[in-house]
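Q: Below is the structure I would like to discuss, written out as structure tokens.
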Amino acid sequence: MYNIAIDGPAGAGKSTIAKKAAKKLDFIYVDTGAMYRAIALYFIRAGVKAEDEKTISEKCVDIDVSIDYVDGAQQVILNGENVNDFIRTEQVSMMTSNISKYPAVREKLLNLQRQLAAQKNVIMDGRDIGTCVLPDAKTKIFLTASAKERARRRYKEQVERGIECDIDQIEKDIIARDEQDMNRKTAPLKQAEDAVLIDSSDMSIEQVVDAIIETFEATA
Ligand code: C5P
């Protein structure tokens, strides 16, 4: 199977870009952040605090996360319920970053992610795909952009969804989330040594997709 790994900080446009590149290449797009988000939602609903690593680690066995595709769009299934519509709030984003540092949580999703990549040609996006989940992926991209630009994009996205928000708060949240993701002990966000760095701050979506396809063609 051919695997493409795309990692990078919050709001760098990984999912938008990966979805388009997957369509062009006829690959399956796998959004691993959505899987972590589903686990965070489970603990928010259960009223468990993010700091309570013991309870979170113990309760991981009660959680079943899987993915499905409807018209090509990934759906995350949490214990039989499609939770796609509930995982994109800022509250879930922060909870996700808070709990994804726990080894038990990461362990829970690692096998699922590796199995998906073993069965199909995938473009998988996340934070640790090139470094940890798929270290042998033939194409690795580290996609980034300035924090200001990432906040601007996230703001636009939320407004389009009809969600009221404050751009300065979004920027603060993005920076806090990146700090936490980069500084955790287990599978931190970092560029794999063999990843190609793309800074999309001044690039259009199409230009980034083309850059990824070119990188893929050069390594295929
Ligand atoms: O990509 P997305 O913004 O949906 O990811 C949400 C959070 O999930 C990240 O901030 C990070 O804490 C966590 N995550 C992770 N490893 C991945 C994907 C996401 O730790 N492979």
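Position 74 of the sequence shown, counting from 1, maps to 74 under UniProt numbering, and the rest follow consecutively.
Ideal Cβ placement from N, Cα and C applies to all residues, glycine included.
#1: For VAL133 and chain C, any beta-carbon pair shorter than 9 Å?
#2: Which partner residues of GLY126 appear in the DSSP bridge assignment?
#3: Taking only three categories from DSSP, how would you classify ALA73?
#4: Hey, VAL83 and LEU25 are a contact pair by Cβ (cut 8 Å); roughly how many whole angstroms apart?
#5: Applying the criterion that 16 or more other CB atoms from any shown protein chain within 10 Å of the CB defines a buried residue, is ARG161 buried or exposed?
#6: Just the C-alpha distance for LYS14 and ILE123, rounded to the nearest angstrom, thanks.
#7: Strictly by DSSP, which residues pair up with ASN82?
#8: Return yes when the Cβ of GLY33 is within less than 9 Å of the Cβ of GLY126, no when it is not.
#9: Hey, ASP178 and ALA147: beta-carbon distance below 9 Å or not?
#10: Could you tell me which of PRO135, CYS60, THR186 and ASN3 sits nearest to ASN79, measuring between CA atoms?
#11: In angstroms, rounded to a whole number, what distance separates the CA positions of ALA137 and ASP128?
#12: With three or more C-beta pairs closer than 8 Å as the rule, is the stretch 91-100 touching the stretch 36-52?
#13: In terms of residues, what are the limits of the beta strand (DSSP E) holding ASP202?
#14: Measure the alpha-carbon distance for GLU58 versus VAL105 and round it to whole angstroms.
#15: By the 10 Å Cβ neighbour count, where 16 or more other Cβ atoms means buried, how is VAL208 classified, buried or exposed?
#16: Ignoring anything shorter than 4 residues or poking outside the stretch 131-210, list the alpha helix (DSSP H) runs there in chain order.
#17: Report the rounded CA-to-CA distance for ASN98 versus ALA21, giving the unit in angstroms.
#18: Less than 8 Å separating the Cβ of SER200 from some heavy atom of the ligand C5P?
#19: Of all the options ALA118, MET35 and ILE56, which has the alpha carbon lying nearest to the alpha carbon of ILE87?
#20: Between GLY72, ASP52, ALA50 and ALA46, which lies nearest to ASP62 when the distance is taken from Cα to Cα?
A: For this structure:
#1: The structure shown has no chain C; it contains just one protein chain.
#2: ASP7
#3: strand
#4: Not confirmed; about 28 Å, so no contact.
#5: That one is exposed.
#6: 10 Å
#7: ILE77
#8: yes
#9: Yes. Within cutoff.
#10: The closest CA to that of ASN79, considering only PRO135, CYS60, THR186 and ASN3, is found on CYS60.
#11: 12 Å
#12: yes
#13: Taken as a continuous stretch (DSSP letters only), ASP202 belongs to no beta strand (DSSP E), as it is neither H nor E.
#14: GLU58 and VAL105 have their C-alpha atoms roughly 10 Å apart.
#15: buried
#16: 147-160 and 167-183
#17: Near 30 Å, if we compare the C-alpha coordinates of ALA21 and ASN98.
#18: For the ligand C5P, not one heavy atom lies less than 8 Å from the Cβ of SER200.
#19: MET35
#20: ALA46
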